[in-house]
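Everything below concerns the one structure shown next.
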Amino acid sequence: MVYLTRKAEFSASHYYHNPELSAAENQRLFGKCNNPNGHGHNYTLEVTVKGHVDPRSGFVVDLKQLKEILNREVLDAMDHRFLNKEVPEFLHQIPTTENLAIAIWRRLSPKLTQAKLHRVRVYETPDLYVDVYGEA
Amino acid sequence: MKAHLTRRYRFSASHRLHNDRLSADENRATYGKCNNPHGHGHNYSVEVTVSGPVDPATGMVCNLVDLDDAVQREVLDRFDLGNLNLAQEFANAVPTTENLCVAIYDILRRAFRHAHLDRVRVEETMLNSFEYAGDAAPPE
């Protein structure tokens, strides 16, 4: 088994707010992140796939295809967007880095046929990142 | 789906690698420049990884404020800008980064209860890093 990681970057804005909680409770839980005008991050996405090396191509996965899937499924939908308002997953879910990593996993996992998705890592800043490995 | 959240912190501290049970020659042979009696220092970087299910009400594994508070209080306030050899954790252990990594893990395991502690990773320099995920024998 060989693991291959592809990196991508995107920039987006978000804010944290749970409509089922009071304004005071939202402020207590989320602090500055609760500002409804939003704030932004330069996200770095690392997608790791695993598989056996194809003896003909020497590849685990065709990187060009992986890049196209990342562009179509993630970057086109999220880059330079307000996550709460423009990305369907976050119309009714808080766009924390945890939920962002899970949403990206769910977008990519069914589209990857050559190799199996192993890990999605999302850096919100260089000092904060979230990993998900699916339901395993 | 379970999520694993990693946060990076930094602190600076001095130390000297020296084992009282070894002779001066053995200490020099084992620790080289790190045995300099006056000590030396590093800018340490600590990655703390916690995991758990994502709370639907908050979208979080745990509130980062709680994690930051615990690391600040239990790790950074304890070690930052200090001499590791004088810390109680190293009263009977050499403050190698292996032992530092285990000490930080054990401290956070006791002090942080809001999510499962997966792993502590400590970079002593950009070229050396150490990871601990539990289960090692305690330092003698």
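Just so you know, the sequences run in chain order S and F. Residues 1 to 136 (my numbering) are what the first sequence spells out, left to right. Residues 137 to 276 (my numbering) are what the second sequence spells out, left to right. All C-beta atoms, glycine included, are put in the ideal place defined by N, C-alpha and C.
Could you confirm whether any beta carbon from chain S is found closer than 7 Å to the beta carbon of residue i?
i	result
threonine 142 of chain F	yes
glycine 270 of chain F	no
valine 197 of chain F	yes
glutamate 276 of chain F	With a pLDDT of 45 at glutamate 276 of chain F, under the threshold of 50, the modelled position of that residue is not reliable, and the figure given next carries that caveat. Output row for glutamate 276 of chain F: interface = no.
Verify the contact flag: residue i, CB atom, against every heavy atom of the ligand SAH, threshold strictly below 6 Å.
i	result
glutamate 20 of chain S	The model depicted lacks the ligand SAH and carries no ligand whatsoever.
Can you list the residues of chain S that residue i reaches, using a CB-CB cut of under 8 Å?
i	result
alanine 251 of chain F	Under the 8 Å cutoff, chain S gives no residues; its nearest Cβ is about 11 Å from alanine 251 of chain F.
valine 201 of chain F	Gly31
Which word fits residue i, buried or exposed, when buried means at least 16 other C-beta atoms lie within 10 angstroms of its C-beta?
i	result
threonine 125 of chain S	exposed
arginine 121 of chain S	buried
glutamate 276 of chain F	Summary for glutamate 276 of chain F: the model assigns pLDDT 45, below 50, so the residue's position carries little reliability, and this model does not support an answer.
glutamine 224 of chain F	exposed
glutamine 208 of chain F	exposed
arginine 107 of chain S	buried
arginine 257 of chain F	buried
threonine 194 of chain F	buried
histidine 154 of chain F	buried
glutamate 98 of chain S	buried
serine 11 of chain S	exposed
methionine 196 of chain F	buried
threonine 142 of chain F	buried
leucine 91 of chain S	exposed
aspartate 62 of chain S	exposed
glutamate 68 of chain S	exposed
proline 95 of chain S	buried
leucine 217 of chain F	exposed
alanine 251 of chain F	buried
alanine 206 of chain F	buried
tyrosine 3 of chain S	exposed
asparagine 163 of chain F	buried
histidine 140 of chain F	buried
Strictly below 7 Å CB to CB, what residues from chain F border residue i?
i	result
glutamate 135 of chain S	Met137
asparagine 42 of chain S	None at all; the shortest Cβ gap to chain F is about 16 Å.
Report yes or no: is there a C-beta of chain F within less than 7 Å of the C-beta of residue i?
i	result
aspartate 127 of chain S	yes
asparagine 18 of chain S	yes
Residues of chain F with CB closer than 9 Å to the CB of residue i, please, in chain order.
i	result
aspartate 131 of chain S	Ala139, His140, Leu141, Thr142, Thr185, Ser187
Residues of the stretch 83 to 104 of chain S with Cβ closer than 8 Å to any Cβ of chain F, in chain order: Gln93, Ile94, Pro95, Thr96, Thr97, Glu98, Asn99, Ala101, Ile102
Positions along the stretch 21 to 32 of chain S whose CB lies within less than 9 Å of some CB in chain F: Leu21, Leu29, Phe30, Gly31
Every unbroken alpha helix (DSSP H) within the stretch 7 to 88 of chain S, with a cutoff of 4 residues, ordered by chain: 23 to 30, 63 to 70, 83 to 86
Interfacial residues, the stretch 175 to 194 of chain F to chain S, with Cβ spacing under 7 Å: Val190, Ala193, Thr194
Every unbroken alpha helix (DSSP H) inside the stretch 152 to 188 of chain F [4 residues or more]: 160 to 167
Completely contained beta strand (DSSP E) runs for the stretch 191 to 243 of chain F, where each covers 3 or more residues: none
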